[in-house]
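Printed below as a string of C-alpha cells:
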C-alpha cells in the first residue's frame, strides 16, 4: 500500500489524524486487522487521504484511540426508521398477524389516514429516535422504506447521516387513482434527489412487495421510474420471499414466484435490494446471482417473527451479494447492526454445521462494503480506503469484561462487551465519547406524548371486539365506531340532504338488495359503505353482554377499527364482489343488535343475544382456512379470526347464514336478504334432521304441505330413509343449488363489471 510522504503537498492538506490501536478496513486484499495505524482525513472533502502505520507517521495525531477498533461506518441495508415508535408494540406474533392485525391498523390511524401534520410528526419523531439509535451503534448509512420520506430525509440531514429512500413506500389497496398519485409523487421526489447537489440522500424505488403490489402495478411503477431516472442509479428496494405463506399466496394468485415476476419486469438486476429472501430454492439463488441482485439479510427480525432462516452461506457461495439489515425496530426490536452481525454469523454456523462459514471478517464486509455495493455506493463508502468518504466508527474494546483480546475483529462480532465511542461521517465527528452531537435537541416531550397516544390506541384495541372488516368504500381507509357508555360520544353528524336521499334502483344493480333490507348502505361504483348505526346496542354487546370492560377508562376516546387495508389486501377480486355478500353479514349483525336492544332490560334476552354472538364467532372460526389468500379478518377479544373463500363461494355464504339461524334458534325467515334465495340452501331432509328453529314464519297453503312432509324424512313409499340416503339427497340438492346460484352470480358480476368499465 502506497502512502503519501508526510512532507508532501497532499499530506499538508490533511487536517484530521486518528491514531487507532486496530483498524479493520473491510477492503478486499487487506489484512483482517491493521494494528497501530493512523487514518488521515481531509476535512474539506471529507475523504480519507492516507492510512499509515504509526511508526511511519511523522505528524501529530489529533486523537489517540487506545484499545479501540476502527471500522468502516455500518450500512443498514433494510430498515423502516419511523417504526422505532412501535418497538415492542406487538411481540410474539407471526408476520402476517403482526403486520395486518396490529401494525397496518395502527399505521392507518397515525400515518395513512391521519391529517398530514400529524402523520409527518409521527415520521419525524420515529426517524429521530431511529437515527439516534443507529448512530449510537455505528450505522452511518441506511436504506429506508416508509412513508413521508421527505421528512425522514430532513431528519437524516440534521443527524448528519446518509440515507437511501423515497417519498413513500408503494402499496396497492384497490384505488388506481391513489396509486398513480403516489407513483407520480415518488418519481418527482426521485428526480429532485438526482439533480440535487446534496448527495447524502439518494433516491430509491420502493414497491413494498409483489404480494402488496400486483404485477400490472409494478409495470406501471417501473415505466414511470425509467422516465424519471433517465439512466441514473436508483435502488429497487422491496420485500422478497419473507415467509412461506407469502410465496404460496403469490403463486396461487399469479402462477409465478415473486422473483420470477420481478425478473419478467426487468426489476431484478444489480440495483435490486431484496429484503429477507428467507425461503429460496437453488434455482432462485442462481437467478439472484445471475442478475447480480443483492439480498438484505435480517436475521433477528426473521427469527423473532418466526419467518425462517435464510440460506446466507449458500447465497454467498453462489456469488450473491448478501448484506445486512435490521428491519424495523417494531419487529427486531433494535437497529443495532453490531448485534445483527453476531446473529448472522452464529445462525449460519448453526444451521450449516460448519463453524467456518460467515467468519467475523465476512460479516463485517456484509455490514459495510457489501451494503454499500447493494446501494450502488461501493466507490464512495463501505471500506476504509484512500479516496473514499471518511465514514468511520471507533469501537471501544477496552472494557474489563471484554478482556483479554486476542482477535479484535472476533471480539467485535462475538461479544456484547463493546461500545461505539466515536462516529465520523464525511470526516465530521457526529458521535464523540458516546454522545450524539447532532441530536442533542431531540423533541423528547413530543415523542412521549405520541407514544402515550399509541399506547392508548393499542390498549383500546386489544380488549375490544373489532366487529368485522367490511369497509368496502375505496377512498376512505377506515370507519371508526365510538363505544357508547365508555366515554363521551361525539355527535353523529347528519349527512347533507342530497346525500341522504335514497338512490334510484338500477336494473341489475345491487341497490334493490339494500333498499329491500332497509339496511344503512348506499351503492358505490367499486364498493359499499358498511356501517353500524346503533351505537348503544353495539356497546351493550361489547361491555355488558360479552364482559369486555375497558381496562383504561381514562382514555377519552374509545374506538373499534374496521381495517380497510386488510380487507382490501385479502381480496384481489374486490371489484367482483356483490352487495349480497355483505348483506349476509350485516343482516346477522343487525339481528344480534336488535336482540341486544330487546334484552337491555331483560336478563334472559341479554343472555340469548350473548349466546348468538358467541355462536356466530365460533362458526366463523369453524369455517376458516388460514392458508387461503381470499380471506376476511374477523377479530374477537384481540385474537384474529379468518373467514376464507366467502368472497367466491356463494353456497358457503348461504349455508353459514342458515347455520347461524339454526344454532342460535333464530327465525330463518327474518334473515332473508334476496328474492333470489327464498329459503336457506339446505334441502328439506337435512332441514328436518338439524333444524331447531323455535319460531317459524307463517306458511302459504302450498308451503304447509311441504312443511308437513318435512316432519320426518321418508322415501317415496313413506319408509324412513337411512342416513346414507339422506346424505345422497342432500348432496344432489346442494350441487343443483350451487350450479344455479353460481350461474346467477356470474351474470350479475359480469353486469357489474361492465358498468364499472363503462364508467
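In this note's numbering, the protein residues as written are 665 to 1423.
Quick reminder that beta carbons are idealized off the backbone N, C-alpha and C, glycines included.
Nothing here was measured: the structure is a model prediction, and the numbers come from that model.
Return the bridge partner residues of residue i from the DSSP annotation.
i	result
residue 726	Paired residue(s): none; residue 726 is not in a bridge.
residue 1096	1099
residue 832	811
residue 1120	According to DSSP, which records beta bridges pairwise, residue 1120 is partnered with nothing at all.
residue 1060	732, 1083
residue 866	828
residue 871	834
residue 901	937
residue 806	740, 827
residue 1089	1092
residue 987	960
residue 817	Paired residues: none, contrary to the question.
residue 680	705
residue 1053	711
Are residue i and residue j closer than 9 Å when you measure CB to CB?
i	j	result
residue 1012	residue 977	yes
residue 970	residue 742	no
residue 738	residue 705	no
residue 1061	residue 1026	no
residue 712	residue 1048	yes
residue 740	residue 1106	no
residue 605	residue 809	Residue numbering for the chain in the displayed model covers 665 to 1423; residue 605 lies beyond these limits and cannot be assessed.
residue 1059	residue 799	no
residue 944	residue 964	no
residue 775	residue 811	yes
residue 1038	residue 987	yes
residue 690	residue 733	no
residue 791	residue 820	yes
residue 1111	residue 749	yes
residue 804	residue 1087	yes
residue 1071	residue 697	yes
residue 1057	residue 714	no
residue 830	residue 888	no
residue 770	residue 1121	yes
How many whole angstroms separate the CB atoms of residue i and residue j, which I take to be in contact at a CB cut-off of 8 Å?
i	j	result
residue 922	residue 905	6 Å
residue 870	residue 931	Wrong, their Cβ atoms sit about 12 Å apart, outside the cutoff.
residue 807	residue 937	6 Å
residue 685	residue 716	About 14 Å separates the two Cβ atoms, so there is no contact after all.
residue 846	residue 876	Incorrect: roughly 12 Å between the Cβ atoms, too far for contact.
residue 1004	residue 1031	7 Å
residue 903	residue 873	4 Å
residue 1024	residue 1078	7 Å
residue 751	residue 1109	Residue 751 to residue 1109, Cβ: 19 Å. No contact.
residue 908	residue 760	Wrong, their Cβ atoms sit about 11 Å apart, outside the cutoff.
residue 1054	residue 1091	4 Å
By alpha-carbon positions, which one of the options ends up nearest to residue i?
i	options	result
residue 961	876, 812, 985, 721	985
residue 864	849, 825, 833	825
residue 1083	1095, 1091, 1089	1095
residue 999	688, 973, 737, 795	795
residue 860	896, 880, 847	896
residue 707	1052, 1098, 1122	1052
residue 802	1120, 816, 1085	1085
residue 756	823, 966, 844	966
residue 900	917, 910, 868	868
residue 753	992, 1034, 854	992
residue 957	884, 1034, 996	1034
residue 925	907, 908, 886	886
residue 982	948, 844, 724	948
residue 1040	884, 851, 1111, 866	866
residue 736	910, 1046, 748	1046
residue 880	853, 915, 929, 898	929
residue 968	940, 747, 758	758
residue 787	814, 762, 768, 797	814
residue 692	1029, 1068, 1074	1029
residue 1114	784, 699, 701	784
residue 898	853, 912, 884	853
residue 627	1063, 1020, 890	This structure leaves residue 627 out entirely; the chain is present only between 665 and 1423.
residue 683	762, 940, 726	726
Does the Cβ of residue i lie closer than 8 Å to at least one heavy atom of the ligand MN?
i	result
residue 806	Although the ligand MN was asked about, the structure shown includes no ligands whatsoever.
Every unbroken beta strand (DSSP E) inside the region 685-758 [3 residues or more]: 698-706, 711-717, 727-736, 738-743
Alpha helix (DSSP H) runs wholly inside the region 774-803, at least 4 long, in chain order: Restricting attention to alpha helix (DSSP H) runs no shorter than 4 residues, the region 774-803 encloses them at 780-800, ordered along the chain.
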